[in-house]
Amino acid sequence: MMAPGQYHEPAGGAAVASRRWLVRSPNPLGDACMSLPAVRALKKSHPALHLTVCCRENLAAMWEAQAEVDEVIPFAKGLGPGAVGRLIRARGPFDGGLLLPNSLRSALELRLGGVRKLTGYARYGRGVLLSGAVKEPDPSPEKQHHVHRYLHLVEAMGIPMGPLEDLLAIPPPPTPFGDPAAGGARREIHLGICPGAEYGNAKRYPIERYAAAIGGLRARRPDLTIRVSIFGSPAERQIGEDLAALVAAPRSNRAGETDIAGLVEELRGCHLVATNDTGTMHLAAALGVPTVAIFGSTEPAFTAPIGTVHRVIRHKVDCSPCFLRECPIDYRCMLRIEPEEVVREMEVLLTAAETD
């Protein structure tokens, strides 16, 4: 239960049922993915709710892939609050709005779009625009993850919270590894690798170590043909090329080759993903793809993929977490992670997929 005063109006579940609600998505891909359990909780509690998501156009495909979302209002990056508000008005009216970002701008967009009942955190001077102003959540470590911060907003609306596991992505049935009896051919799996991180080098596991981990997994599993796809943004194209040069075929550099819609489809075809702390990490986890997440300067307690089908590798050192983009010393948090450790965690997930 929420403490008295954490929400400014009575907003029990009855206020939400059978209405049209607008959810303003976070802008970063990773944050949008971490908000999915909150959106699922809202829809699960009120299946008749017509749920529309307003998001940047690059995220539209991700939201359209969610069964809980009835409609998406995409807008171009750089579009002003007034223009976004006009897009919202054209698709409205809406009975209420849930602000997942903390920005003043997001509140203005929905207000200008005619949405009068707004729920969100009262930050950056926007409290006067909110009818449901929510206080920050419990600062205890187990509640610091961004997933819990988004869920806290929905809980403040009077939405019951069931087990978190029920709100996570349901892993798709694993694609068969192939028929080992078919003419003696080896079974094939698809391994996704995300070696970049637009945030900065402090979040990047060295590509030489990724290559060693891929080689180690292939050596440990000679019964499998391991097809590697390297994912990343256009800015990470060269990182992908450099890694591809170190990895034996079959491998392909897909960095910069797909938009999010294409990335969703390619990730769904992966049996396993190994990745730095990136938006692609969150997208893979949101799709239920078994994921090995490697953390350096950031804090997995805040942003690690949640669920039993994921593994996190992190070596905490004296300066962890620094949240710096570039390491000013010796990159020790990453260099303490040996390729063999990555191989072990990938094997754990592969074994689980084979035995499910």
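Everything in the sequence shown is counted per this note's numbering, starting at 1245 for the first residue and increasing by one.
Virtual Cβ for every residue (Gly too), placed ideally from N, Cα, C.
Item: Taking all protein chains shown into account, do 16 or more other C-beta atoms lie within 10 angstroms of the C-beta of T1547, making it buried, or fewer, making it exposed?; Value: buried
Item: With three or more beta-carbon pairs closer than 8 Å as the criterion, would you say the stretch 1295-1305 touches the stretch 1265-1281?; Value: yes
Item: Please state if the CB of R1263 and the CB of D1314 are separated by a distance shorter than 8 Å.; Value: no
Item: Roughly how far, in whole angstroms, is the beta-carbon of S1541 from the beta-carbon of L1579, given that I think they are within contact range, below 8 Å?; Value: Their Cβ separation, rounded to whole angstroms, is 13 Å, which puts S1541 and L1579 out of contact at 8 Å.
Item: Helix, strand or coil for G1256 per DSSP?; Value: Because G1256 sits at a pLDDT of 43, beneath the cut-off of 50, its placement in the model cannot be relied upon, and the point is left open.
Item: Report the CB separation of G1364 from L1397 in whole angstroms; it is logged as a contact under 8 Å.; Value: 7 Å
Item: Helix, strand or coil: how does DSSP classify I1451 here?; Value: helix
Item: Only counting the same chain, and skipping five residues up and downstream in sequence, which positions put a Cβ closer than 8 Å to that of I1437?; Value: Y1454, I1458, V1472, S1473, I1474, F1475, L1487, V1517, A1518 and T1519
Item: Which ranges does the beta strand (DSSP E) cover as unbroken runs of at least 3 residues, wholly within the stretch 1292-1326, from first to last along the chain?; Value: 1294-1300 and 1315-1319
Item: Could you tell me if E1353 is buried or exposed, where buried requires 16 or more neighbouring beta carbons within 10 angstroms of its beta carbon?; Value: buried
Item: So within the stretch 1474-1559, which uninterrupted alpha helix (DSSP H) runs reach at least 4 residues, ignoring any that extend past its ends?; Value: 1481-1488, 1504-1512, 1523-1530 and 1544-1547
Item: Quickly, what does DSSP pair V1267 with across the bridge? List them, please.; Value: V1297 and L1342
Item: Across the stretch 1525-1534 and the stretch 1319-1328, are there enough close Cβ pairs to call them in contact, namely three or more that are closer than 8 Å?; Value: no
Item: At which residues does the beta strand (DSSP E) containing Y1365 begin and terminate?; Value: L1362 to Y1365
Item: If you draw a straight line from the C-alpha of G1358 to the C-alpha of G1506, how long is it?; Value: 34 Å
Item: Report, in whole angstroms, the separation of the C-beta atoms of G1336 and K1361, which I expect to be a contact under 8 Å.; Value: With a Cβ gap of about 13 Å, G1336 and K1361 do not count as contacting.
Item: Between which two residues does the alpha helix (DSSP H) harbouring R1355 extend?; Value: L1348 to L1356
Item: What residues in its chain sit with their C-beta under 8 Å from that of G1427, if we drop five residues either side in the sequence?; Value: With a pLDDT of only 48 at G1427, under 50, the local geometry of the prediction cannot be trusted, and no value is derived from it.
Item: Which one of I1433, A1479 and R1576 has the shortest CA to CA distance from L1461?; Value: I1433
Item: Using C-beta distances below 7 Å, list every residue in its chain close to R1367, excluding the 5 sequence neighbours before and after it, in chain order.; Value: N1346
Item: Assign D1562 to buried or exposed, taking buried as 16 or more other Cβ atoms, counted over all protein chains shown, within 10 Å of its Cβ.; Value: exposed
Item: Given this structure, state the Cα-to-Cα distance separating A1320 from L1293, to the nearest angstrom.; Value: 26 Å
Item: Taking DSSP as the reference, what is the three-state secondary structure of A1597?; Value: helix
Item: In the DSSP assignment, what residue or residues form a beta bridge with H1434?; Value: R1471
Item: Measure the C-alpha to C-alpha separation of K1287 and L1435 and round it to an integer number of angstroms.; Value: 33 Å
Item: Work out the CA separation of A1351 and G1371 for me, nearest whole Å.; Value: 9 Å
Item: Do you know how far the Cα of R1481 is from the Cα of R1498?; Value: 8 Å
Item: Classify A1456 as helix, strand or coil using the three-state DSSP reduction.; Value: helix
Item: Just reading off the alpha helix (DSSP H) that V1378 is part of, what are its end residues?; Value: Element bounds for V1378: not the alpha helix (DSSP H) but the beta strand (DSSP E), G1376 to V1378.
Item: To the nearest whole angstrom, what separates the beta carbons of V1491 and C1514, a pair I think is in contact under 8 Å?; Value: At roughly 16 Å, the Cβ-Cβ gap does not stay under 8 Å, so V1491 and C1514 are not in contact.
Item: Which residues in the same chain as P1381 place their Cβ atom closer than 7 Å to its Cβ, once the five residues preceding and following it in sequence are excluded?; Value: K1387, H1392, R1393 and H1396
Item: Can you give the Cα-Cα distance for A1400 and P1281, rounded to whole angstroms?; Value: 15 Å
Item: Please return the same chain residues whose Cβ sits closer than 7 Å to the Cβ of Y1443, not counting the five positions on each side in sequence.; Value: R1569
Item: Run through DSSP, which three-state label would P1407 get?; Value: coil
Item: Pull up the CB-CB distance for L1412 and I1550, whole angstroms please, since I reckon it's below 8 Å.; Value: 6 Å
Item: Please look up how many angstroms separate the CB atoms of A1276 and C1299, rounded, as I've assumed it's under 8 Å.; Value: 7 Å
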